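Numbering (the working numbering), first residue to last: 14 to 108.
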């Protein structure tokens, strides 16, 4: 259920999709570069945090997913845009 609502959040807000695209590009181009490592660790910890919230919530599981997962992803999605900016500045992708 968490994955289904996560995909729904990715498709509803384009900035989240753009941030996810930036994370994938960052892993593809800079898998050995330590410059993006703090943001990638933050992304991993963010996913662990989001999944753990829904495992321990006292509210109905599906209702809680419907009302909050989009907000949680949207809240941190702007931070991952720095990964795209870093790739463009390194001239790996031409705009």
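Even glycine gets a Cβ: it sits at the ideal position worked out from N, Cα and C. Source: prediction; values computed, not measured.
For residue 72 and residue 50, the rounded distance between their alpha carbons: Translated into positions along the chain shown, residue 50 becomes position 37. Translated into positions along the chain shown, residue 72 becomes position 59. Take the alpha-carbon of residue 50 and the one of residue 72: they are about 35 Å apart.
Where residue 75 sits in the DSSP three-state scheme: Walking along the chain shown from the start, residue 75 turns up at place 62. DSSP, read as helix, strand or coil, puts residue 75 in helix.
Ignoring anything shorter than 3 residues, give me the beta strand (DSSP E) runs that lie fully in the segment 23–51, in order along the chain. You should have found no qualifying run.
Rounded to whole angstroms, what is the Cα-Cα separation between residue 41 and residue 54? Locating residue 41 in the chain shown gives position 28, where the first residue counts as 1. Locating residue 54 in the chain shown gives position 41, where the first residue counts as 1. In a straight line, the C-alpha of residue 41 is about 16 Å away from that of residue 54.
What do you reckon, are the CB atoms on residue 24 and residue 30 nearer than 8 Å? Walking along the chain shown from the start, residue 24 turns up at place 11. Walking along the chain shown from the start, residue 30 turns up at place 17. Yes, the pair counts as a contact, with Cβ atoms nearer than the cut-off.
Count the other CB atoms within 10 Å of the CB of residue 20; is the residue buried (16 or more) or exposed (fewer)? By one-based count along the chain shown, residue 20 stands at place 7. With fewer than 16 other Cβ atoms within 10 Å, it is exposed.
Can you tell me the Cα-Cα spacing of residue 63 and residue 85, whole angstroms? For the purposes of this step, residue 63 is taken as residue 50 along the chain shown, with counting starting at 1. For the purposes of this step, residue 85 is taken as residue 72 along the chain shown, with counting starting at 1. Our two residues, residue 63 and residue 85, have alpha carbons roughly 8 Å apart in a direct line.
Helix, strand or coil: how does DSSP classify residue 103 here? Translated into the one-based positions of the chain shown, residue 103 becomes position 90. In the three-state reduction of the DSSP assignment, residue 103 falls in the coil class.
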